[in-house]
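Under our numbering, think of the first position of the sequence shown as 236, with each following residue one higher.
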Amino acid sequence: MSTVEDFLTGQEEQQVIAAIKSAEKNTSGEIRVHIEKTTEKPPLERAKEVFWLLKMNETKLQNGVLFYVAVESKQFAIYGDRGIYNQTKPDFWNSEKELVVSHFAKQQKVEGLVLAIEKVGEKLKNLYPFTSDDADELSNEISKG
Ligand code: CA
Ligand code: CA
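#1: Would you mind working out which of E275, T274 and L301 sits nearest F286, comparing C-alpha positions?
#2: Give the straight-line distance between the Cα atoms of I362 and R267, rounded to the nearest whole angstrom.
#3: Look up G380 in the DSSP assignment and say whether it is helix, strand or coil.
#4: Quick one: is L288 near chain D, going by C-beta distance under 8 Å?
#5: At a cut-off of 7 Å, is I255 close to ligand 2 when judged by its beta-carbon and the heavy atoms of the ligand?
#6: Note the first and the last residue of the continuous beta strand (DSSP E) segment covering V370.
#7: Whose C-beta lies closer than 7 Å to the C-beta of I270 among residues of the same chain, with five residues either side of it excluded?
#8: Is V306 helix, strand or coil by DSSP?
#9: What does a CB cutoff of less than 6 Å around W328 pick up in its chain, not counting 5 residues either side in sequence?
#10: Shortest alpha-carbon distance to L373 belongs to which of E247, Q249, G299 and T244?
#11: Using C-beta distances below 6 Å, list every residue in its chain close to K360, excluding the 5 sequence neighbours before and after it, in chain order.
#12: Please confirm whether G318 and V335 have their CB atoms less than 8 Å apart.
Printed below as a string of structure tokens:
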């Protein structure tokens, strides 16, 4: 059974962080990844909770997106802030979620995350193009809890 610490290798974590940095070069949106051991709650509900705990609701344009992973519970969700939700449909991230889940099932964890981060980045780019005064409002490091 994989734990939070060995879910991704150090090198794989760097690949994920690089994907986030690269996505954020094209959008003012902010992407974060949180990995924890278990959740009793439906993953989207827990993702929303973590989103607030990480203060991801504090971006100027309300355009943060959280990738939430519960390793032992084998749960995954993508949660986006109100700014995005207001302009899209609730199933907006479904294809990216499916991409991650299908890769996780094949033990291609980093591949799934990186591909989905790229795709989420493209969608964010359309909604929130990068601006010259952009700040990196949320850390690109992987959050573990
Ligand atoms: Ca930014
Ligand atoms: Ca960031």
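Ideal Cβ placement from N, Cα and C applies to all residues, glycine included.
Once the coordinates are examined:
#1: With distances taken between Cα atoms, F286 lies closest to L301.
#2: Sequence check: residue 362 is Leu here, not Ile. Straight across, the Cα-Cα distance linking L362 with R267 is about 18 Å.
#3: The answer is coil: DSSP assigns G380 none of H, G, I, E or B.
#4: No chain D is present in this structure, which holds just one protein chain.
#5: Yes, since a heavy atom of ligand 2 falls inside the 7 Å radius drawn around the Cβ of I255.
#6: The question names Val, but residue 370 in the sequence shown is Ala. For A370, there is no enclosing beta strand (DSSP E), as DSSP marks it with neither H nor E.
#7: Answer for I270: V239, F242, V304, V306, I377 and K379, listed in chain order.
#8: Looking at V306 - three-state DSSP - the assignment turns out to be coil, as it is neither helix nor strand.
#9: So the list reads I313, once near-sequence residues are dropped.
#10: Measuring C-alpha to C-alpha distances from L373 to each of E247, Q249, G299 and T244 identifies G299 as the nearest.
#11: Same-chain partners within the cutoff: N261 and T262.
#12: No, these two residues do not count as a Cβ contact at 8 Å.
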